[in-house]
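Participant:
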Amino acid sequence: TVEMRTEFAIRFDYGSIVPWVTRRDNSLRAVAGPDMVVLRTSVALKPRGRMHRGTFVVSAGETVAFVLGYGLSYLPVPEAIDPLAALAATEANWETWAKQCSPCGRYSNAVMRSLVTLKALTYRPTGGIVAAVTTSLPETPGGSRNWDYRICWLRDATFTLLALMNSGFYREADSWRQWLRRAVAGDPAQVQIMYGLRGERRLDEWEVPWLAGYEGAKPVRIGNAAATQLQLDIYGEVMDALFQGSRNGLPAEHAAWDLQATMIEHLETIWREPDEGIWEVRGGRQHFTHSKVMAWVAFDRAIKAIEQFGFKGPIQRWRRVRGQIHEQICEQGYNSQVGAFVQTYGSTVLDASALLFPLVGFLPPSDPRVKSTVEAIERHLMVGGLVLRYDPKRTKDGLQSREGAFLDCSFWLADNLILLGRYDDAKRLFEHLLSLCNDVGLLAEEYDTATGRMAGNFPQAFSHVSLVNTAHNLEKHDKPAEQRSGWKRKTPRT
-3 TVEMRTEFAI
7 RFDYGSIVPW
17 VTRRDNSLRA
27 VAGPDMVVLR
37 TSVALKPRGR
47 MHRGTFVVSA
57 GETVAFVLGY
67 GLSYLPVPEA
77 IDPLAALAAT
87 EANWETWAKQ
97 CSPCGRYSNA
107 VMRSLVTLKA
117 LTYRPTGGIV
127 AAVTTSLPET
137 PGGSRNWDYR
147 ICWLRDATFT
157 LLALMNSGFY
167 READSWRQWL
177 RRAVAGDPAQ
187 VQIMYGLRGE
197 RRLDEWEVPW
207 LAGYEGAKPV
217 RIGNAAATQL
227 QLDIYGEVMD
237 ALFQGSRNGL
247 PAEHAAWDLQ
257 ATMIEHLETI
267 WREPDEGIWE
277 VRGGRQHFTH
287 SKVMAWVAFD
297 RAIKAIEQFG
307 FKGPIQRWRR
317 VRGQIHEQIC
327 EQGYNSQVGA
337 FVQTYGSTVL
347 DASALLFPLV
357 GFLPPSDPRV
367 KSTVEAIERH
377 LMVGGLVLRY
387 DPKRTKDGLQ
397 SREGAFLDCS
407 FWLADNLILL
417 GRYDDAKRLF
427 EHLLSLCNDV
437 GLLAEEYDTA
447 TGRMAGNFPQ
457 AFSHVSLVNT
467 AHNLEKHDKP
477 AEQRSGWKRK
487 TPRT
């Protein structure tokens, strides 16, 4: 037998509200304003200060249940459930769901774990996928790069769709696509880079001074001010996601085309403007090369949608704009002295977002500029075998502290190596990334090579999306990198 002790100390509104707790039958009810939490258990819990405590003994084979439920205080108390029956039903549901997954060779277990994570991060009523379930876990110990990730980003929408569809989960992919379409509906000038799980637009950022932060990292933030930033890349992301969805098995949505065409018409008027870029910098707008590439993607996918699905639009005009953007990027976004595409027009600063250029089809991997960019990033942006987004000391991002290696970028590098025919190098990098997963197979947004710890919010959806896609690129004949870019990889080097 083992003697156990339990404590029940409920707080609402991020720890600031102490509720009124009452006992009824075998339950404790904590109420404050509209919120109510009910704890049902056979263990006797007694008040002690502002909490309830209890002790109990568990023998071999014995089960003691604690059932915690949330409800609105002005509605009837949620009905009691049989916890063991509920657990069995939950396990059966997950097992049935997992059987839909298409195999992925030697990486099937890691892929399945990542897909389970994505499913768990999905809000079932709307199909929205939250970036993470945490806020303000720091990107460096004690640092200030602490953000709220309990939000749905448009970025990586295409990678998410491909990860789900190539794994056999078309229902989830279509739910995500429908969420995406609803979220961006309306005036294209008001499209945001992120939304709430239901598609909410107001995500005002505020700080929580009464919370200490993880290991003292402050501030703790709620909401995200980046929601109102101008980021040109989201137009390309939305157009690409809707195009790839229809191209790879989801029904083409003629009803949504008017919305897409309106977005492209708006992008025609703003693509020359500076923006805050993929990394949501808080140091002022610039002409980010990646943003311009994704503007090119938007026009490219609009043109291909007209060509392949019979949609209507000014295709000749859009072809001219696509050509203008491509020419401008190659002239101003590539620095021949650096030998790479750079972060902003005219700069010498490297940025790992350039790894996306061949993956979205901007240039073929055989182009010398792609190869030299990949090699420059390998030389200058890798620490401990992982890729940094950029050098924070050379980037005006409005923040002071350093950050960890961005795991998404390391997966993108592996994808590039596959397209370049460096299969063995890609495999080594991918398996190094797999080794960073914790004991239950989860990844955060970043990895701090200085301390050997994960960094940033956790578990991070996009890290797991990238894991799935890179595994598919390594193991499957129909590879996401080729699906999205249209390029075929070189013969693998032995």
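Numbering of the sequence shown is given in our numbering, commencing with residue -3 and proceeding in unit increments.
Quick reminder that beta carbons are idealized off the backbone N, C-alpha and C, glycines included.
Quick caveat, the model's predicted, so the values are computed rather than measured.
For the beta strand (DSSP E) that S23 lies in, which residues bound it at each end?
Facilitator: Its beta strand (DSSP E) spans residues 23 to 28.
Participant: With three or more C-beta pairs closer than 8 Å as the rule, is the region 103 to 119 touching the region 162 to 181?
Facilitator: In short, these stretches touch, since the Cβ pair count reaches three.
Participant: Counting only runs of 4+ residues fully inside the region 256 to 327, write out the alpha helix (DSSP H) ranges in chain order.
Facilitator: Runs of the alpha helix (DSSP H) inside the region 256 to 327: 285 to 305.
Participant: Count the other CB atoms within 10 Å of the CB of W202; is the residue buried (16 or more) or exposed (fewer)?
Facilitator: W202 is exposed by the Cβ-count criterion.
Participant: So L494 packs on V126, CB below 8 Å; how close in whole Å?
Facilitator: With the chain covering only -3 through 490, there is no way to say anything about residue 494.
Participant: Spell out a yes or no on whether the region 221 to 235 and the region 294 to 302 are touching, meaning 3 or more CB-CB pairs, one atom from each, closer than 8 Å.
Facilitator: Yes, they touch.
Participant: Identify the residues that DSSP records as bridge partners of T2: which are they?
Facilitator: Answer is G50, bridged to T2.
Participant: Report the three-state DSSP secondary structure of I189 (helix, strand or coil).
Facilitator: Of the three classes helix, strand and coil, the one that applies to I189 here is coil, per DSSP.
Participant: Is DSSP giving K475 helix, strand or coil here?
Facilitator: Looking at K475 - three-state DSSP - the assignment turns out to be coil, as it is neither helix nor strand.
Participant: K423 to F407, Cα distance in whole Å?
Facilitator: If you take the alpha carbons of K423 and F407, they lie about 11 Å apart.
Participant: Give the straight-line distance between the Cα atoms of T487 and G212, rounded to the nearest whole angstrom.
Facilitator: With a pLDDT of only 48 at T487, under the threshold of 50, the placement of this residue in the model should not be trusted; the figure read from the coordinates follows. Taking the straight line joining both Cα atoms gives about 50 Å.
Participant: Which residue or residues does DSSP assign as beta-bridge partners of V34?
Facilitator: V34 is bridged to R25, G65.
Participant: Which ranges would you report for the beta strand (DSSP E) in the region 338 to 407 if only whole runs of at least 3 residues count?
Facilitator: The region 338 to 407 contains no whole beta strand (DSSP E) run of 3 or more residues.
Participant: Please state whether the Cβ-Cβ distance between I266 and S349 is less than 7 Å.
Facilitator: Contact flag unset, no.
Participant: Is the beta carbon of F458 sitting closer than 7 Å to the one on D229?
Facilitator: Cβ distance not < 7 Å, so F458 and D229 don't count as in contact.
Participant: Return the first residue and the last residue of the alpha helix (DSSP H) that K115 is part of.
Facilitator: Looking at the DSSP string, the run of the alpha helix (DSSP H) that includes K115 is 104 to 116.
Participant: Roughly how many whole angstroms lie between the Cα atoms of G357 and G123?
Facilitator: So the alpha carbons of these two residues sit roughly 28 Å apart.
Participant: Whose C-beta lies closer than 6 Å to the C-beta of A467 among residues of the same chain, with five residues either side of it excluded?
Facilitator: Cβ within range, chain order: C100, Y103, V107.
Participant: How would you label L403, buried or exposed, when you count the other beta carbons within 10 angstroms and need 16 or more for buried?
Facilitator: With 16 or more Cβ atoms within 10 Å of its Cβ, L403 is classed as buried.
Participant: At what residues does the alpha helix (DSSP H) containing K423 begin and finish?
Facilitator: Looking at the DSSP string, the run of the alpha helix (DSSP H) that includes K423 is 419 to 431.
Participant: Which residue's Cα is closest to the Cα of R25: T(-3), V63, E(-1), F52?
Facilitator: Closest option to R25, Cα to Cα, is V63.
Participant: Quick check: the Cα distance between I311 and R480, rounded to an integer number of angstroms?
Facilitator: Those two C-alpha atoms are separated by around 21 Å.
Participant: Mind checking which residues open and close the beta strand (DSSP E) that includes A451?
Facilitator: First-last of the beta strand (DSSP E) with A451: 449 to 451.
Participant: Among residues of its own chain, excluding the 5 on either side of M138, which ones have a beta-carbon nearer than 7 Å to its beta-carbon?
Facilitator: The question names Met, but residue 138 is Gly in the sequence shown. Only E211, G212, A213 meet the Cβ criterion.
Participant: Per DSSP, what are the beta-bridge partners of E442 in this structure?
Facilitator: Answer by DSSP bridge pairing, in chain order: F402, A451.
Participant: How far does the alpha helix (DSSP H) with W90 in it reach, from first residue to last?
Facilitator: From DSSP, the alpha helix (DSSP H) with W90 extends over 79 to 94.
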